[in-house]
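**Student:**
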Amino acid sequence: MEHDTHRSRDCRDYEDVVVIGSSAAGLYAAARIARGGRQVCVLEAKATPDPAPRTLIVTDQFTKQTSHSARSSILNEIRRFELFTDGRSAQIELKQPDLIIERSRLIRSLSEEAQHAGVTLRYDTRFLDLSPNANGLHVQVDRSGKREELHALSVVGADGAASRVARAAGWPPVETVPLVQAVVKLPKDCPLDTTRVWFIPDDTPYFYWMIPESSERAAVGVIGEHGRATKACFDRFLETKGFEPLEWQGARIPVYKRWVPVQRTVGNGEVYLVGDAAAQVKVSTVGGIVTGFRGARGVADTILQKSTTELRTLRRELGAHWLIRRALHDFKQQDYSRLVDLLNVSTRESLGAINRDESTRLLWSVIRRQPKLVLLGLRGLLLGKR
Ligand SMILES: Cc1cc2nc3c(=O)[nH]c(=O)nc-3n(C[C@H](O)[C@H](O)[C@H](O)COP(=O)(O)OP(=O)(O)OC[C@H]3O[C@@H](n4cnc5c(N)ncnc54)[C@H](O)[C@@H]3O)c2cc1C
Numbered sequence: 007m008e009h010d011t012h013r014s015r016d017c018r019d020y021e022d023v024v025v026i027g028s029s030a031a032g033l034y035a036a037a038r039i040a041r042g043g044r045q046v047c048v049l050e051a052k053a054t055p056d057p058a059p060r061t062l063i064v065t066d067q068f069t070k071q072t073s074h075s076a077r078s079s080i081l082n083e084i085r086r087f088e089l090f091t092d093g094r095s096a097q098i099e100l101k102q103p104d105l106i107i108e109r110s111r112l113i114r115s116l117s118e119e120a121q122h123a124g125v126t127l128r129y130d131t132r133f134l135d136l137s138p139n140a141n142g143l144h145v146q147v148d149r150s151g152k153r154e155e156l157h158a159l160s161v162v163g164a165d166g167a168a169s170r171v172a173r174a175a176g177w178p179p180v181e182t183v184p185l186v187q188a189v190v191k192l193p194k195d196c197p198l199d200t201t202r203v204w205f206i207p208d209d210t211p212y213f214y215w216m217i218p219e220s221s222e223r224a225a226v227g228v229i230g231e232h233g234r235a236t237k238a239c240f241d242r243f244l245e246t247k248g249f250e251p252l253e254w255q256g257a258r259i260p261v262y263k264r265w266v267p268v269q270r271t272v273g274n275g276e277v278y279l280v281g282d283a284a285a286q287v288k289v290s291t292v293g294g295i296v297t298g299f300r301g302a303r304g305v306a307d308t309i310l311q312k313s314t315t316e317l318r319t320l321r322r323e324l325g326a327h328w329l330i331r332r333a334l335h336d337f338k339q340q341d342y343s344r345l346v347d348l349l350n351v352s353t354r355e356s357l358g359a360i361n362r363d364e365s366t367r368l369l370w371s372v373i374r375r376q377p378k379l380v381l382l383g384l385r386g387l388l389l390g391k392r
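Numbering (the numbering used here), first residue to last: 7 to 392.
1. Identify whether K247 lies in helix, strand or coil by the three-state DSSP scheme.
2. Just confirm the distance between the C-beta atoms of W204 and Y212, as a whole number of angstroms; I'd bet it's less than 8 Å.
3. Please name the residue, chosen from D92, K312, P267, G227, that lies closest to E250 on a Cα-to-Cα basis.
4. Any idea what DSSP makes of R196, helix, strand or coil?
5. Say yes only if the C-beta of R128 is nearer than 7 Å to one or more non-hydrogen atoms of ligand 1, and no if none qualify.
6. Determine the extent of the beta strand (DSSP E) in which H144 is found, giving its start and end residues.
7. Going by beta-carbon coordinates alone, are G275 and A158 separated by less than 8 Å?
8. Could you tell me which of Y342, R331, D22 sits nearest to D208, measuring between CA atoms?
9. Please confirm whether S115 and A76 have their CB atoms less than 8 Å apart.
10. Between H327 and S290, is the Cβ-Cβ spacing less than 8 Å?
11. Tell me whether Q67 counts as near ligand 1, meaning its Cβ is closer than 7 Å to at least one heavy atom of that ligand.
12. Within 10 angstroms of the Cβ of T11, are there 16 or more other Cβ atoms? Answer buried if so, exposed if not.
13. Of all the options D241, H335, E316, I295, which has the alpha carbon lying nearest to the alpha carbon of L33?
14. Quick one: is D282 buried, meaning 16 or more other Cβ sit within 10 Å of its Cβ, or exposed?
15. Could you have a look at I309 and say whether DSSP puts it in helix, strand or coil?
16. Regarding L185 and ligand 2, is the C-beta to nearest heavy atom distance less than 7 Å?
17. State the start and end residues of the unbroken alpha helix (DSSP H) segment that holds G227.
18. Pull up the distance between the alpha-carbon of I63 and that of L156, whole angstroms please.
19. Relative to the alpha-carbon of D16, which residue among F68, I26, Y129, A167 has its alpha-carbon at the smallest distance?
20. Can L81 be considered in contact with ligand 1, in the sense that its beta carbon sits closer than 7 Å to one or more heavy atoms?
21. Could you work out which residue in V162, R44, T91 is closest to L279 when comparing CA atoms only?
22. Contact check, W177 vs V266 under 8 Å by CB: the rounded distance?
23. Excluding the 5 residues preceding and the 5 following H9 in the sequence, name in chain order all residues of the same chain whose CB lies nearer than 7 Å to its CB.
24. May I ask you to verify whether the stretch 39 to 49 touches the stretch 300 to 313, counting CB pairs closer than 8 Å and requiring at least 3?
25. How many Å lie between I80 and S160 at the Cα?
26. Indicate the three-state DSSP secondary structure (helix, strand or coil) for W328 in the structure shown.
27. Any idea if P260 is buried or exposed, counting beta-carbon neighbours within 10 angstroms, 16 or more meaning buried?
28. If I measure Cβ to Cβ from R86 and keep anything under 8 Å in the same chain, skipping five residues before and after, which residues do I get?
29. Using 7 Å as the cut-off, classify the Cβ of A257 as near or not near the heavy atoms of ligand 1, replying yes or no.
30. In angstroms, rounded to a whole number, what distance separates the CA positions of G248 and E181?
31. Buried or exposed: F299, going by 16 or more other Cβ atoms within 10 Å of its Cβ?
32. Return the CA-CA distance between R173 and Q187, expressed in angstroms with no decimal places.
33. Regarding A40 and ligand 1, is the C-beta to nearest heavy atom distance less than 7 Å?
34. Skipping 5 residues on each side, what residues in its chain have a beta carbon closer than 6 Å to that of D22?
Here's what the structure looks like:
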């Protein structure tokens with residue numbers, strides 16, 4: 007059923023810009039393009055504007071990107087990271103707190119902002135295909151079980167990791183990995199302002215984490231490589247730690263391996279990708295909110311014929327995260343043990359002073375302060391190559 011209350015007007019047969027997907031990146035892009043004076047319509051496959059809840063951690067960059075109302079999605083602030091591996095641990099104090107946000111609240115407030123900017127939202131409308139026409143693009147959709155066609159000058163694919171827009175316009179698929187989270191009771195020994203990270207390379211080349219969202223609840227999660235094996239390791243991890251899952255959250259997340267060009271010309275029309283659809287995810291931590299907003303901003307600026315600096319700096323940033331992931335990906339237990347041991351006071355300070363959304367600065371700072379860490383990273387890179 008369509009939610010008319012969330013729509014100021016219906017999409018017209020001819021739109022300037024049609025955005026596919028009403029999640030974080032799509033709504034952010036839509037609002038920005040509409041504020042630039044263009045007619046924008048967002049099509050969303052889900053029948054209702056009620057996104058699934060998801061507990062996320064972002065850097066304080068989020069507050070610079072969003073409005074006051076989007077910041078109502080912030081549940082908690084993180085001031086410290088505790089890293090664990092093989093009986094060892096290290097703490098990193100953050101100069102600027104990380105933020106715990108709730109995704110469904112964020113999406114609701116972004117959709118209100120988009121509508122305020124003049125964007126039309128249409129639910130229960132699944133994008134099927136696109137093809138060129140004389141003035142731009144035909145967009146074929148399934149609207150509440152019926153096939154319909156719209157026309158647009160530009161289409162923005164914000165339809166996630168398995169983007170159908172990307173396939174329709176000829177982009178190759180992006181690789182994805184499974185991410186599973188369970189909401190659990192916050193353990194008594196874990197302070198509300200502390201995120202815990204466990205490196206267990208026998209289970210996953212990524213890591214486990216626990217992010218407290220309130221004095222009652224925390225989200226525990228893992229990124230793996232293969233769905234079933236990841237879930238089996240996660241179940242074992244939860245049991246070992248004595249965590250009882252209260253809720254489950256999960257999806258496949260793109261793995262950034264190289265820059266995905268965000269624009270393609272199809273006939274007389276333009277197709278763009280933003281967010282997970284363009285793998286705009288920090289592959290070192292698999293965080294996609296802040297980088298997806300940056301990609302959305304870059305595409306909006308391109309459509310509005312403004313500067314493309316945002317896309318250039320995002321590309322550099324995602325590349326630096328890829329380098330970090332490559333260095334860590336083949337770490338064995340002894341490498342993680344050394345890594346935690348090597349985190350001396352000055353390195354911990356630089357890791358805490360610069361956030362994960364400024365990784366090029368972070369890398370240079372670590373190279374200056376802790377060359378041994380760099381050698382360890384280089385070893386990881388060489389192992390990865392082998
Ligand atoms: C459990 C979990 C925890 C995470 N934790 C973090 C974290 O801590 N920090 C962080 O930064 N990131 C995190 N992420 C990643 C982050 O959530 C994603 O990068 C981000 O949500 C991607 O947003 P998006 O708008 O690009 O795509 P999505 O959120 O995937 O949205 C795509 C939208 O498109 C719609 N759609 C799809 N196909 C069609 C179609 N054919 N027609 C119309 N609509 C369509 C979908 O219904 C959906 O609304 C996490 C992800 C998961 C799964």
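Every residue gets a Cβ at the ideal spot worked out from N, C-alpha and C, and that includes glycine.
**Tutor:** Working from what's here:
1. Against the sequence shown, residue 247 aligns to sequence position 241. The answer is helix: DSSP assigns K247 an H, G or I state.
2. Translated into the one-based positions of the sequence shown, residue 204 becomes position 198. Translated into the one-based positions of the sequence shown, residue 212 becomes position 206. That pair is no contact at about 11 Å.
3. Here residue 250 corresponds to residue number 244 of the sequence shown, with the count starting at 1. Out of D92, K312, P267, G227, G227 has the C-alpha closest to the C-alpha of E250.
4. Taking the sequence shown and counting its residues from 1, one reaches residue 196 at position 190. The displayed chain sequence assigns Cys, not Arg, to residue 196. Of the three classes helix, strand and coil, the one that applies to C196 here is coil, per DSSP.
5. Within the sequence shown, numbered from 1, the residue matching residue 128 stands at position 122. No; taking the cut-off as 7 Å, the Cβ of R128 has no heavy atom of ligand 1 nearer than that.
6. One-based indexing of the sequence shown puts residue 144 at position 138. Counted as a single uninterrupted DSSP element, the beta strand (DSSP E) harbouring H144 occupies residues 142 to 149.
7. Indexing the sequence shown from 1 puts residue 275 at position 269. Indexing the sequence shown from 1 puts residue 158 at position 152. Taking 8 Å as the Cβ cut-off, G275 and A158 qualify as a contacting pair.
8. Within the sequence shown, numbered from 1, the residue matching residue 208 stands at position 202. Checking every option, the nearest Cα to that of D208 belongs to Y342.
9. What you label residue 115 is simply residue 109 of the sequence shown in a count that begins at 1. What you label residue 76 is simply residue 70 of the sequence shown in a count that begins at 1. A distance below 8 Å separates the beta carbons of S115 and A76.
10. The residue given as residue 327 occupies position 321 in the sequence shown. The residue given as residue 290 occupies position 284 in the sequence shown. Yes, the pair counts as a contact, with Cβ atoms nearer than the cut-off.
11. Along the sequence shown, read from residue 1 onward, the residue named residue 67 stands at position 61. No, Cβ of Q67 sits at least 7 Å from all heavy atoms of ligand 1.
12. The count along the sequence shown starts at 1 and reaches residue 11 at position 5. For T11, the predicted structure reports a pLDDT of 42, less than 50, and the residue's modelled location is therefore unreliable. The matter cannot be settled from this model.
13. The residue given as residue 33 occupies position 27 in the sequence shown. The option with the nearest alpha carbon to L33 is I295.
14. As a working note, residue 282 is residue 276 in the sequence shown. Classification for D282: buried.
15. The sequence position of residue 309 within the sequence shown is 303, counting from 1. Judged by DSSP in its simplified three-state form, I309 adopts helix.
16. Among the ligands present in this structure, namely ligand 1, ligand 2 is not found.
17. What you label residue 227 is simply residue 221 of the sequence shown in a count that begins at 1. No alpha helix (DSSP H) contains G227, which is instead part of the beta strand (DSSP E) from 223 to 229.
18. For the purposes of this step, residue 63 is taken as the residue at position 57 of the sequence shown. For the purposes of this step, residue 156 is taken as the residue at position 150 of the sequence shown. Taking the straight line joining both Cα atoms gives about 37 Å.
19. As a first step, residue 16 is located in the sequence shown; it is residue number 10 there, counting from the start. Of F68, I26, Y129, A167, the residue nearest in Cα terms is Y129.
20. If you number the sequence shown from 1, residue 81 lands on position 75. Incorrect: L81 has no Cβ contact closer than 7 Å to ligand 1.
21. In the sequence shown, counting from the first residue as 1, residue 279 sits at position 273. When only C-alpha atoms are compared, the closest one is V162.
22. Along the sequence shown, read from residue 1 onward, the residue named residue 177 stands at position 171. Along the sequence shown, read from residue 1 onward, the residue named residue 266 stands at position 260. The C-beta separation of W177 from V266 comes to about 7 Å, placing the pair in contact by the 8 Å criterion.
23. By 1-based counting over the sequence shown, the position of residue 9 is 3. Since pLDDT at H9 reaches only 43, below the 50 mark, its modelled position is unreliable, and no value is offered.
24. Contact between the stretch 39 to 49 and the stretch 300 to 313 is present, because at least three Cβ pairs lie under 8 Å.
25. Within the sequence shown, numbered from 1, the residue matching residue 80 stands at position 74. Within the sequence shown, numbered from 1, the residue matching residue 160 stands at position 154. I80 and S160 have their alpha carbons spaced roughly 33 Å apart.
26. The sequence position of residue 328 within the sequence shown is 322, counting from 1. W328 falls in the helix class under three-state DSSP.
27. Translated into positions along the sequence shown, residue 260 becomes position 254. It counts as buried.
28. Looking up residue 86 in the sequence shown gives position 80. Correct list, in chain order: Q97, I98, E99, L100, P197, D199, T200, T201.
29. Position 251 of the sequence shown, counted from the start, is the residue given in the question as residue 257. Answer for A257: yes, Cβ within range of ligand 1.
30. Along the sequence shown, one-based indexing puts residue 248 at 242. Along the sequence shown, one-based indexing puts residue 181 at 175. Straight across, the Cα-Cα distance linking G248 with E181 is about 33 Å.
31. Against the sequence shown, residue 299 aligns to sequence position 293. By the neighbour-count criterion, in which a residue is buried when 16 or more other Cβ atoms sit within 10 angstroms of its Cβ, F299 is buried.
32. The residue labelled residue 173 in the question sits at position 167 within the sequence shown. The residue labelled residue 187 in the question sits at position 181 within the sequence shown. Just so you know, the alpha carbons of R173 and Q187 end up roughly 28 Å apart.
33. Translated into the one-based positions of the sequence shown, residue 40 becomes position 34. Within the chosen limit of 7 Å, ligand 1 does not reach the beta carbon of A40 with any heavy atom.
34. As a first step, residue 22 is located in the sequence shown; it is residue number 16 there, counting from the start. Same-chain partners within the cutoff: R44, Q45, L159.
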